[in-house]
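In what follows, a single structure is set out as structure tokens and then discussed.
Residue numbers (the working numbering): 71 to 534.
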């Protein structure tokens, strides 16, 4: 079967359905969250769209309490899972193209979720349709499991697997080709400032970031009781650091905004953390105790150090690489002090408890306490596993690329399965624009991924 030719013939269908999905603003929304829409109206609408689409194509569908659902075909005792998500991170700033339109320019389809994970979801969905329409006999059931809270903690699939069976094997089309067989552990760390807040702190409020899994692309601060020379010093800082920002004065207060660059928390070095930048500027401006302690902690801990070396959290192994830290939400209030929420992606062989104990002692010397808000253990499937080898075989057939499996600091649904890996759909050499402004997917690569996924389904679940 020439899956690539078949996928090419259905490109228009693929693009149209992806555009419809991207046009649903499926960002976690606590304001519209309810018993019937646990993560807000947008994520629920995206789930319902996918289930309705599948029903129209003759797939068996099931909605699990409006948090997740599945589309299924085939028969057999064993279950092949394809785990996708239709929720997306907030848009952020600096978009050139409308984030919820799906506009195509120069062969690229732009929109929030284009590569994470709506584009890959639709490629896998087309693959299922092609296999079904071709009448390929299957020895396993094929189930696309659709989540709506992947970007905020996997609550959707955690709930799903309390009620539904675990796939025998499965993949998540939510990362890179050739495939990812090692996913780092993901912990959310809360650093809270203890004491030292004075009655008249110079920093009234500091805020940067919306999610711990994104590098903040903007930071804001409100100040008072500082030297009027702050205006000149700020302009010099912007020029020296090649960045943008604004400073306005309202009565006796200064309001400052500084720009950074967004990136995914699994690769914080690809972004530019606006909270760290603003803290660097404030280091030479504020003198009150808590304000100075807060900005000094942020700069000393995170400026130029994505690995946690300054607080004894750094670690490297050959399987999965460096442990990384991303201060994604950074706050200060003149009465409550500072709070920094960090997404830590730690190596597969990391001694978690031991390292956290070391770090807690270290941050205490800076006037902060460390708490672990959540922790998801690392996930690893050996390269020589037959399942991994079959996926590599299909990928290599379509690309001629014999690259070895990868590791990632990103967390995919693969880690929720007993035997699962992340499989595409970002091809080697492509820029990773997930969580960034002007996120896009290359349409031709979307088509190629659909062909790869179709052949993978047949390889793993076709009757022999």
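The beta carbon of each residue, even a glycine, is placed where N, CA and C say it ideally should be.
Values in this document were obtained by computation on a predicted structure and should not be read as measured data.
Limits of the alpha helix (DSSP H) - the one that residue i falls within
{"i": "residue 552", "result": "No information on residue 552 is available, as it lies outside the stretch 71 to 534 that the chain covers here."}
{"i": "residue 514", "result": "513-531"}
{"i": "residue 228", "result": "225-233"}
{"i": "residue 428", "result": "422-434"}
{"i": "residue 92", "result": "81-92"}
{"i": "residue 189", "result": "188-203"}
{"i": "residue 482", "result": "From DSSP, residue 482 is part of no alpha helix (DSSP H); its letter is neither H nor E."}
{"i": "residue 308", "result": "300-310"}
{"i": "residue 462", "result": "456-469"}
Distance between residue j and residue i (C-alpha atoms, nearest Å)
{"i": "residue 165", "j": "residue 184", "result": "14 Å"}
{"i": "residue 81", "j": "residue 493", "result": "21 Å"}
{"i": "residue 106", "j": "residue 156", "result": "17 Å"}
{"i": "residue 518", "j": "residue 468", "result": "8 Å"}
{"i": "residue 145", "j": "residue 437", "result": "59 Å"}
{"i": "residue 244", "j": "residue 333", "result": "16 Å"}
{"i": "residue 265", "j": "residue 378", "result": "24 Å"}
{"i": "residue 201", "j": "residue 99", "result": "36 Å"}
{"i": "residue 110", "j": "residue 230", "result": "17 Å"}
{"i": "residue 397", "j": "residue 382", "result": "16 Å"}
{"i": "residue 369", "j": "residue 346", "result": "6 Å"}
{"i": "residue 416", "j": "residue 101", "result": "32 Å"}
{"i": "residue 400", "j": "residue 408", "result": "8 Å"}
{"i": "residue 287", "j": "residue 147", "result": "48 Å"}
{"i": "residue 175", "j": "residue 186", "result": "18 Å"}
{"i": "residue 512", "j": "residue 129", "result": "28 Å"}
{"i": "residue 117", "j": "residue 251", "result": "27 Å"}
{"i": "residue 461", "j": "residue 188", "result": "21 Å"}
{"i": "residue 300", "j": "residue 319", "result": "11 Å"}
{"i": "residue 89", "j": "residue 411", "result": "34 Å"}
{"i": "residue 348", "j": "residue 364", "result": "12 Å"}
{"i": "residue 359", "j": "residue 293", "result": "14 Å"}
{"i": "residue 206", "j": "residue 76", "result": "14 Å"}
{"i": "residue 488", "j": "residue 249", "result": "16 Å"}
{"i": "residue 204", "j": "residue 74", "result": "13 Å"}
{"i": "residue 393", "j": "residue 419", "result": "10 Å"}
{"i": "residue 338", "j": "residue 501", "result": "15 Å"}
Enclosing beta strand (DSSP E) for residue i [first to last residue]
{"i": "residue 142", "result": "138-144"}
{"i": "residue 396", "result": "394-403"}
{"i": "residue 445", "result": "438-446"}
{"i": "residue 278", "result": "273-278"}
{"i": "residue 412", "result": "407-416"}
{"i": "residue 251", "result": "250-253"}
{"i": "residue 180", "result": "178-180"}
{"i": "residue 345", "result": "Looking at the DSSP string, residue 345 is not in any beta strand (DSSP E); the run it does join, the alpha helix (DSSP H), is 344-353."}
{"i": "residue 131", "result": "130-134"}
{"i": "residue 370", "result": "It is not in any beta strand (DSSP E) - residue 370 instead sits in the alpha helix (DSSP H) that spans 359-372."}
{"i": "residue 291", "result": "288-294"}
{"i": "residue 385", "result": "Per DSSP, residue 385 belongs to no beta strand (DSSP E) and is neither H nor E."}
{"i": "residue 320", "result": "315-320"}
{"i": "residue 217", "result": "211-217"}
7 Å Cβ cutoff met for residue i and residue j
{"i": "residue 448", "j": "residue 254", "result": "yes"}
{"i": "residue 277", "j": "residue 295", "result": "no"}
{"i": "residue 212", "j": "residue 120", "result": "no"}
{"i": "residue 141", "j": "residue 124", "result": "yes"}
{"i": "residue 172", "j": "residue 94", "result": "no"}
{"i": "residue 113", "j": "residue 96", "result": "yes"}
{"i": "residue 510", "j": "residue 180", "result": "yes"}
{"i": "residue 193", "j": "residue 516", "result": "yes"}
{"i": "residue 479", "j": "residue 389", "result": "no"}
{"i": "residue 323", "j": "residue 331", "result": "no"}
{"i": "residue 440", "j": "residue 414", "result": "no"}
{"i": "residue 451", "j": "residue 442", "result": "no"}
{"i": "residue 514", "j": "residue 167", "result": "no"}
{"i": "residue 169", "j": "residue 182", "result": "yes"}
Cβ-Cβ separation, residue j to residue i (assumed contact under 8 Å), whole Å
{"i": "residue 528", "j": "residue 241", "result": "That pair is no contact at about 14 Å."}
{"i": "residue 344", "j": "residue 355", "result": "In fact, because the Cβ distance is near 16 Å, the residues do not count as touching under 8 Å."}
{"i": "residue 210", "j": "residue 531", "result": "4 Å"}
{"i": "residue 284", "j": "residue 159", "result": "6 Å"}
{"i": "residue 84", "j": "residue 247", "result": "Between residue 247 and residue 84 the Cβ distance is about 18 Å, and since that is not below 8 Å, they are no contact."}
{"i": "residue 361", "j": "residue 273", "result": "4 Å"}
{"i": "residue 351", "j": "residue 307", "result": "5 Å"}
{"i": "residue 149", "j": "residue 237", "result": "5 Å"}
Checklist line | At least three beta-carbon pairs within less than 8 Å, the segment 432-445 to the segment 247-264 | finding: yes
Checklist line | Contact the segment 516-534 vs the segment 188-198: 3+ CB pairs below 8 Å | finding: yes
Next item on the list: Evaluate contact between the segment 309-322 and the segment 400-418, counting only Cβ atoms and requiring at least three cross-stretch pairs below 8 Å.
Entry: no
Checklist line | Cβ contact check for the segment 224-231 and the segment 480-489: 3 or more pairs under 8 Å | finding: yes
Next item on the list: Say whether the segment 148-162 touches the segment 212-220, bearing in mind that this needs 3 or more beta-carbon pairs closer than 8 Å, one atom from each stretch.
Entry: yes
Notebook entry, point to check: For the 8 Å Cβ check, are there 3 or more pairs between the segment 98-114 and the segment 131-149?
Noted result: yes
Next item on the list: Could you tell me whether the segment 365-377 touches the segment 419-428, using the rule of 3 or more Cβ pairs below 8 Å?
Entry: no
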